[in-house]
Amino acid sequence: MTKAFRGLDLLATAVLLAAVAHASPAAASGFDAPALSHGQSSPVVRDAAAVHYNPGQLGYIDRTELDLGLGLIFGSIGYQRDRRGQYQYADNFAFAEPIDPADIDPSRTGVTQPVRATPVGPILDGFLALPVADRVTLGAGFYIPYAAILSLPHDGDQRFQAQSVTLISTHTTISAGFRLHDVISIGGGVSYVLSILQLSKVQDFAAVQSFADGLASPPISQANDLGPSAPSTVRELDLLARQADIGPALSHGVSFNAGIALRPTKKLDVALVYQHGSRMRLNGDFTLNMDDDFFTQDLAAQGLQFPPVVQGKAHIELSLPKRLTLGLGYQVAPRVSLDGSVSYVFYSDFDVIDITLSSPDLAQPALGIGESVPQDLVRNWKNTVHGDLNVRVQATDKLRLSGSFGYQSGASPDSTVDMASPDGHRLLGGVGMEYALRERVSLLGDIRAQGIIPRTVTESDFDLGNGTYKMFLGVAAIHAKIKFGAGPGKRKRKVSVGGEGDAEATETETAEAEGTTEEPPASTDEVGPEPLEPPAPEGADAEPPRPPVPPPPPA
416 MTKAFRGLDL LATAVLLAAV AHASPAAASG FDAPALSHGQ SSPVVRDAAA
466 VHYNPGQLGY IDRTELDLGL GLIFGSIGYQ RDRRGQYQYA DNFAFAEPID
516 PADIDPSRTG VTQPVRATPV GPILDGFLAL PVADRVTLGA GFYIPYAAIL
566 SLPHDGDQRF QAQSVTLIST HTTISAGFRL HDVISIGGGV SYVLSILQLS
616 KVQDFAAVQS FADGLASPPI SQANDLGPSA PSTVRELDLL ARQADIGPAL
666 SHGVSFNAGI ALRPTKKLDV ALVYQHGSRM RLNGDFTLNM DDDFFTQDLA
716 AQGLQFPPVV QGKAHIELSL PKRLTLGLGY QVAPRVSLDG SVSYVFYSDF
766 DVIDITLSSP DLAQPALGIG ESVPQDLVRN WKNTVHGDLN VRVQATDKLR
816 LSGSFGYQSG ASPDSTVDMA SPDGHRLLGG VGMEYALRER VSLLGDIRAQ
866 GIIPRTVTES DFDLGNGTYK MFLGVAAIHA KIKFGAGPGK RKRKVSVGGE
916 GDAEATETET AEAEGTTEEP PASTDEVGPE PLEPPAPEGA DAEPPRPPVP
966 PPPPA
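Put into C-alpha cells, the structure is as follows:
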C-alpha cells in the first residue's frame, strides 16, 4: 500500500464494486499506503530508502547500508448509511416504475444500523544501498505499497458495496544513483509489481445492463427500468441480489521512478521526484451464486437459464496513478532540521476499470449473451495534493527524535464515494526515533496515524453511498539500519615508514562539501558534525623511536 496504499481504501476496494461484468457505476477513491519505510526517510534524506523516496540521493551514499523493517497496519472504519430514496419490500419483484405505493417499504428509507470494520494487516520492507564506484551507488528494495484486509458484515447495509477485501501489492525495485557534482546527484529505478487480490460482495442484478436488455427483448419482452441508472425503487431486491466472489487474482506489472537531489548550500536540500504509474492486470477465478428458481428454471422456456453456480475466469485492468513530488530540507540549527514535501498525484489516470468475465455458464444465446462479457466502468476520480512537514532533533549523540504532520485531499467526489472507499480530507501525524546501538547499527521505531474528517454524503448517485463515513488508520513499525565499510571520509592508504618499505595506515581526510561526509552516529543525514574522538595522550600507545641505521661499511 511508495506512499502509494492508503491503507484500506485501496485500489482493490474500488475493484470490488466492479468485480462482476456489469457492476454499479459507483467509484472508489485514492489508495496511498499509510506508511512506507520509517519516519526518518523522505525525498531529501540520504539513506537506503531513497530507492523509493528519491533515487537521486543514492549518489551521495558512500558506504553500504542495509535497512530492514516490519510493522502492522491497524484501524477502524465506520459507516452509517442514510437511504434517501424509496425502496420496495425486499421480497417484491416489480422491475419497472411506477411502483404501487403499497409495495414501498417505509422502513427502508432513512438512517440504517451502523457497520464497522477493524482492519489489520502486516507490512514489511527492506532496502539496500551499495556503493560500487566513486560517485556511483546501486540500490535495491522490496516493499508493500498497497495492503489491506477488510472484513465487513456479510448482511450489512453496505453488502452491495463490499463484504470483504484482501489485497497485497509488492514492489521489487533496482535503482542507481550518480553524483554528478558535490551539489547534484541523479538517479532512477525500475520496479516489478506483483499484486494479489481476493474480494466478495453482493451483486445487484438490477444494475446489470445486459440483464435488463435480455428481459426487455423477445422472447421474454418484460418492460423494466433496470440497468446502471436504475432508480432506487427497483434496486436491492432479494431476487436480484446475487453473491459474487473473485480470487485469488494475480497481476504482474512494471513501473519506474527518477529523482534529482540538490544541495546548493550545506544547510539546504532540494529534491524533485517522478513516480510513474503502472497498469494492473488481474487474472483469477470468479463465482456467481445464481441459485434461485427465477434464474435456473422459471424462464428456461424463454431462453434464460443459468446453473445454480456460475464459475469462470475474471480479467480486470486498471491504472495506478503517476505522481510528481517536490521536497525541501533545511538545517535550522546544529541539532535541528526541517524537511517537507508536496506531491501532485494524478488519480485522474484511474478513470476506467476494464472488466471481462468469461465462462460457458454465462452464455445465454437466446438473449444475445456470449461466453465473454466485457464492460468499462467509469470511476471519475480526481487529482489530489499531498503535503507533509517533518521536524528532526538530534537529542543526544545517539538519539534522534522526529515528528510529522500532513494533509491529503480526497480523490472521490460525493457522487461516487461509498463504503468500499471511505475517502475524504485526511490529516496525518506521527512520531519516530532512531537510536544508535553501535557506530554501525541503529534501531528505529515509528507510530504514524491518519484519519478522514468525518464526512456526510447526501448526493450519491442513485442513493448508493449516502451516509456518514469515518476512518482511522495507524501504523506501528520497527526498523534496523546496518552500515558496512570504513565510513565517510575514512580510507586505507599506503604510507612509507622510516624509508623501509610500505605499511597500511588509516588516514582521515578532509570531508568534501557534501554534508553527508560528516556523519553522526545515528543516521547518514543527521544534523551536526560527528563527535570527534579525544586525542591520545602523548606517548600513549606510541611506537618507540627506531635507532638510527648505521651507514654501510666501506667496500
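Position in the sequence shown (from 1) plus 415 gives the number in my numbering. Just so you know, even glycine gets a beta-carbon here, dropped at the ideal spot from N, CA and C.
Counting of Cβ neighbours within 10 angstroms places valine 856 among the exposed residues, the total staying below 16. Sequence-distant Cβ neighbours of threonine 524 in its own chain, meaning closer than 8 Å and more than five residues away, are Arg498, Arg499, Gly500, Gln501 and Tyr502. Taking the Cα positions, valine 800 is about 6 Å away from serine 758. In the DSSP annotation of this structure, the continuous segment of the alpha helix (DSSP H) that includes valine 466 starts and ends at 465-468. Taken through DSSP and simplified to helix, strand or coil, tyrosine 475 comes out as helix. Counted as a single uninterrupted DSSP element, the beta strand (DSSP E) harbouring aspartate 769 occupies residues 767-773. Beta bridge pairing from DSSP links methionine 886 with Ile492. Around the beta carbon of isoleucine 868, fewer than 16 other beta carbons lie within 10 angstroms, which makes this residue exposed. When DSSP states are grouped into helix, strand and coil, serine 830 belongs to the coil group. CA-CA distance, leucine 687 to glutamine 472, rounds to 11 Å. Just so you know, the alpha carbons of serine 752 and phenylalanine 620 end up roughly 57 Å apart. In this structure phenylalanine 709 is not in contact with glutamate 651, their Cβ atoms being roughly 16 Å apart against a cut-off of 8 Å.
About 6 Å separates the Cβ atoms of arginine 794 and isoleucine 768, confirming a contact at the 8 Å cut-off. Note: tyrosine 558 is bridge-paired with Asp540 and His586 in the DSSP secondary-structure output.
Glycine 629 sits in a helix when the DSSP states are folded into three classes.
Leucine 816 and glycine 860 have their C-alpha atoms spaced approximately 10 Å apart. Among the bridge pairs identified by DSSP, lysine 728 is matched with Asp700 and Ser773. Cβ atoms of glycine 484 and histidine 894 come within 8 Å of each other, at about 4 Å. In the three-state scheme derived from DSSP, where H, G and I count as helix and E and B as strand, proline 521 is classed as helix. If you check the CB distance, isoleucine 488 and valine 530 do not come in under 9 Å. Contact between the region 628-639 and the region 509-516 is present: 3 or more CB-CB pairs across the two stretches fall below 8 Å. Under the DSSP assignment, glutamine 613 falls in the beta strand (DSSP E) whose first and last residues are 599-619. Within the same chain, Cβ atoms closer than 8 Å to the Cβ of glutamine 528 are found at Gln495, Gly571 and Asp572, the five residues on either side in sequence being excluded. Among the bridge pairs identified by DSSP, histidine 667 is matched with Leu609.
Glycine 541 counts as buried, since no fewer than 16 other beta carbons sit within 10 angstroms of its beta carbon.
When C-beta atoms of the region 867-887 are compared with those of the region 824-837, three or more pairs fall below 8 Å, so the two segments count as touching. Per DSSP, the continuous beta strand (DSSP E) segment holding valine 685 begins and ends at 683-690. Restricting attention to Asp482, Ile599 and His596, the CA atom closest to the CA of leucine 545 is found in Asp482. Taking the C-beta atoms as reference points, leucine 582 is found no nearer than 9 Å to alanine 532. The beta carbons of alanine 656 and glutamine 618 sit closer together than 9 Å.
In this structure, the CA atom of glycine 556 is about 14 Å from the CA atom of glycine 602. Excluding its 5 nearest sequence neighbours in each direction, serine 491 has C-beta neighbours in its own chain below 6 Å: Thr533 and Phe887, listed in chain order. Distance check between alanine 577 and each of Thr588, Thr585, His667 and Leu614 places Leu614 closest, using alpha-carbon atoms only. For the pair alanine 778 and lysine 737, the Cα-to-Cα distance works out to about 38 Å. The three-state secondary structure of serine 752, taken from DSSP, is strand. Listed in chain order, the non-local C-beta contacts of valine 459 below 6 Å within the same chain comprise Asp684, Ala686, Gly742, Gly744 and Asp754, local neighbours out to five positions each way being set aside.
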